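In full-length UniProt numbering, the protein residues as written are 1 to 273. All C-beta atoms, glycine included, are put in the ideal place defined by N, C-alpha and C. Just so we're clear, the structure is a prediction, and the values are computed from it rather than from any experiment. First comes the structure, then the notes that go with it.
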Ligand code: HPA
């Protein structure tokens, strides 16, 4: 067996022994979007630092724990805090949590993130359901020796985001008066934000939103044949003709303001899964 398989096995056994059994839905909470946790009837909460082989969270605003409990009547397993390449992790580490959730048995993956609006019809505070993506991280989380033994090596990207889940999400948004945009998300390494020239390039590429996460996670989900959906909170407007200084505190603040809408979307969607 590959060392990677053995590591995953150990992580899984550790978490099962802690009482995490049969989670139905996995959730990844992005920057400034941690409050969904308050809605969960929590059974177990395990800091990443205690989980064997789990990378350790470094950025202070990511609390870094796995939360298991009940939300909208379903067993959910939540990653509160995720890993990014810009923190110095490799793509195996960045996506280790997704492989862990899958190993524990989740059947659906829901992802959130904070992103910049490249489509200038979209505004700060809007939510956008991701319909397709561009991987601009320069590598793949599947590019390692033995990858094909853990899932589909040549995973197809025909429907990286489940049409069925997206359709449900759009109906929920409508019913709850949430102005949900839909579009293409591009994932870059960061951590620096983009130059004017890079924003112009992204516009030419017909990108609607840009961020530094999610795409590696979704690629691994497809490799593992795990249906997923992802929603971005648009935290700033990336207009190359009128570029404003953004700071991470402001991004977190805007994400926090949009958070109740995200919580409604996820809670209602989970009822229907
Ligand atoms: N780029 C620009 N703006 C952003 C990003 C990004 O990666 N993430 C959140 N806002």
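The three-state secondary structure of residue 89, taken from DSSP, is coil. About 21 Å separates the CB atoms of residue 12 and residue 155; that is not less than 8 Å, and the two are not in contact. By the beta-carbon neighbour count (other beta carbons within 10 angstroms, threshold 16), residue 121 is exposed.
The residue among 94, 74 and 69 with its C-alpha nearest the C-alpha of residue 268 is 74.
For residue 213, same chain residues with a beta-carbon under 7 Å away, outside a window of 5 residues either side, are 30, 82, 84, 113 and 187 in chain order. CA-CA distance, residue 182 to residue 260, rounds to 18 Å. In the displayed model, residue 45 falls within a strand according to three-state DSSP.
The residue among 225, 179, 247 and 226 with its C-alpha nearest the C-alpha of residue 235 is 247.
Residue 179 counts as exposed, since fewer than 16 other beta carbons sit within 10 angstroms of its beta carbon.
In this structure, residue 77 sits away from residue 32, with a CB-CB distance that is not shorter than 7 Å.
In this structure, the alpha-carbon of residue 142 lies about 10 Å from that of residue 217. For residue 67, the enclosing beta strand (DSSP E) starts and ends at 65-71.
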